[in-house]
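Okay, structure first, notes after.
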Amino acid sequence: MENNSTKLIKILNRIPDIRQQSKLLHSLIDIIFIAIVATA
Numbered sequence: 008m009e010n011n012s013t014k015l016i017k018i019l020n021r022i023p024d025i026r027q028q029s030k031l032l033h034s035l036i037d038i039i040f041i042a043i044v045a046t047a
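Spelled out as structure tokens, the structure:
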């Protein structure tokens with residue numbers, strides 16, 4: 008059982024990684040959104 012501060016630290020350590028991935032994710036979401044709008 009982890010305490011909350013340990014979890015928080017782990018999350019904070021992963022933030023740069025998440026931000027790096029979120030750029031990719033945002034562009035992917037944009038592409039999907041455009042595709043949905045185009046086919047609608």
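Here my numbering = 1-based position in the sequence shown + 7. Quick reminder that beta carbons are idealized off the backbone N, C-alpha and C, glycines included. It should be emphasised that the depicted structure is a prediction, and the values quoted were computed from it without experimental measurement.
>> Going by DSSP in three states, Ala-47 sits in which element: helix, strand or coil?
In response: For the purposes of this step, residue 47 is taken as the residue at position 40 of the sequence shown. Looking at Ala-47 - three-state DSSP - the assignment turns out to be coil, as it is neither helix nor strand.
> Cα separation between Ser-12 and Pro-23?
Replying inline: One-based indexing of the sequence shown puts residue 12 at position 5. One-based indexing of the sequence shown puts residue 23 at position 16. Roughly 18 angstroms separates the two Cα atoms.
> Looking only at its own chain, which residues have a Cβ that is under 6 angstroms from the Cβ of Leu-19, when we skip the five neighbours before and after it?
Replying inline: Residue mapping note: residue 19 aligns to position 12 of the sequence shown, counting from 1. Counting only Cβ-Cβ distances below 6 angstroms, and skipping sequence neighbours, we find nothing.
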